[in-house]
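Engineer: For reference, the structure I am asking about is given below.
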Amino acid sequence: MGKAICSYLKVEHLLNEPGTSYPIISYRLQKTCPARDGNPEKQAVKGLFLVVARGECFGLLGPNGAGKTSFISMMTGLTKPSSGTAYVGGLKLKTQMGEIHSSMGVCPQENLLWDTLTGREHLNFYG
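Note that UniProt numbering has the sequence shown beginning at 1, numbered continuously upward.
Laid out in structure tokens, this is it:
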């Protein structure tokens, strides 16, 4: 069985498993940017299946335009998914973003270090 099919089946199974120990689950997550300035609509994230186990460290790698920033923007509530389902800490992305925000910190890709904060204070603020 192909790797993509195994991933799809694993994510589908986990969505039905109560009390899962997977803090990040993405199931068919999509982000479509509307057409503008004469350009056609763009599929920024196309049906992403992803599971991150508790305690696991993961990274998103890919070329420019692969959808890395779009995915993180959706998972942190900066933008809304066009379709699909995602969970952060067992909370549904589309309906429980307020609770997700209370337990999440994100350091954006820009260099946002403040002269007045120590290293520990930066970690507390972003983490």
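Glycine is no exception: its CB is placed at the ideal position from the N, C-alpha and C atoms. Bear in mind that the values here come from a model prediction, so they are computed numbers and not experimental data.
#1: Hey, would you say Phe-71 sits closer than 9 Å to Leu-112, going by beta carbons?
#2: Three Cβ pairs or more, each shorter than 8 Å: is that satisfied between the segment 78 to 98 and the segment 24 to 43?
#3: Taking the alpha carbon of Ser-73 as the reference point, which residue from His-122, Ala-53, Asn-39 and Gly-105 has its own alpha carbon closest?
#4: Of the choices Tyr-87, Ala-35 and Gly-77, whose alpha-carbon is the least far from that of Phe-49?
#5: Would you mind working out which of Val-52, Phe-125, Cys-57 and Gly-38 sits nearest Ser-21, comparing C-alpha positions?
#6: What are the start and end residues of the beta strand (DSSP E) that includes Thr-32?
#7: Count the other C-beta atoms from every protein chain shown that fall within 10 angstroms of the C-beta of Ser-26, then say buried if there are 16 or more, exposed otherwise.
Structural biologist: Looking at the atomic coordinates:
#1: no
#2: yes
#3: Gly-105
#4: Tyr-87
#5: Val-52
#6: 24 to 33
#7: buried
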